[in-house]
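Student:
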Amino acid sequence: MATPRARGVVFIHSAPKALCPHLEWAVGRSIGRPVHFSWSDQPALPGTRRAAFPWDGFAGTGAIIASAIRGWEQLRFEVTEEPTTASLGGRWMHTPDLGIHHSQMDAAGSITVPEERIRVALELTDPREMRRELDLALGTAWDDELEVFRVAGDDAPVVWLSSSVG
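Take 1 as the starting number for the sequence shown in UniProt numbering and just add one per residue.
#1: If we count the other Cβ atoms within 10 Å of its Cβ and call it buried at 16 or more, is Arg128 buried or exposed?
#2: Comparing alpha-carbon positions, which option in Val79, Glu115 and Ile118 lies nearest Trp142?
#3: Could you check whether the region 43-55 touches the region 12-28, counting it as contact only if at least three pairs of C-beta atoms, one from each stretch, sit closer than 8 Å?
#4: At the level of alpha carbons, what is the spacing between Trp55 and Asp126?
#5: How big is the Cα-Cα spacing for Arg7 and Ala63?
#6: Considering Pro16, what are the terminal residues of the alpha helix (DSSP H) in which it resides?
#7: Whose CA, out of Arg5, Val35, Pro96 and Glu133, lies closest to the CA of Arg76?
#8: Do you know offhand how far Phe149's Cα is from Leu122's?
#9: Shortest alpha-carbon distance to Gly60 belongs to which of Ile111, Phe37, Ile31 and Arg117?
#10: Classify Ser103 as helix, strand or coil using the three-state DSSP reduction.
#11: For Pro54, write down the residues that DSSP places opposite it in a beta bridge.
#12: Hey, out of Ile12, Ala68, Pro34 and Ser67, whose CA is closest to Asp41's CA?
#13: State the start and end residues of the unbroken beta strand (DSSP E) segment that holds His94.
#14: What are the start and end residues of the alpha helix (DSSP H) that includes Thr140?
#15: Between which two residues does the alpha helix (DSSP H) harbouring Val120 extend?
Printed below as a string of structure tokens:
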């Protein structure tokens, strides 16, 4: 059986300028072809750059990309992979303070939380601890930290993905 094709987007929310060519090289190596990002200044953190790059490749490429770029300090990014007919999608978020977080995504773009993770959270008697466990499963802290970097400036391009998966 052939591995299904997938697609997604690499969002570099903030990267030091000197790191930009290295990120392009790492993403290009992950997808098997040279890439060039359209960089712009990141207004939320002066001196850094931002870019969004749509990619296509085999299912699982999102994890390969996230693994290739996660080791650099002061880098904030998200990698998305749309689901295919044979696999769930995913989202990898990274911040310098929190490290990396992975969530599986369904066809509607919603995070899927495994049953056992929910059961563990429900077994906690302290509602605050249950909330903490569910927030961890959903990646709430990563979303909160990245939100200021996601806000597009007037000059930021919008990346549209179609609703069909090839």
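Cβ atoms here follow ideal geometry from the backbone N, Cα and C, with glycine treated the same way.
In this text, all values refer to a predicted model and were calculated from it rather than measured experimentally.
Tutor: In short:
#1: exposed
#2: Val79
#3: yes
#4: 43 Å
#5: So the two alpha carbons sit approximately 12 Å from each other.
#6: Where Pro16 is concerned, there is no enclosing alpha helix (DSSP H), although the beta strand (DSSP E) it sits in stretches over Arg5 to Pro16.
#7: Pro96
#8: About 33 Å.
#9: Ile31
#10: strand
#11: Val9
#12: Ile12
#13: Gly89 to Thr95
#14: Residue range Thr140 to Arg150 is occupied by the alpha helix (DSSP H) that includes Thr140.
#15: Glu115 to Glu123
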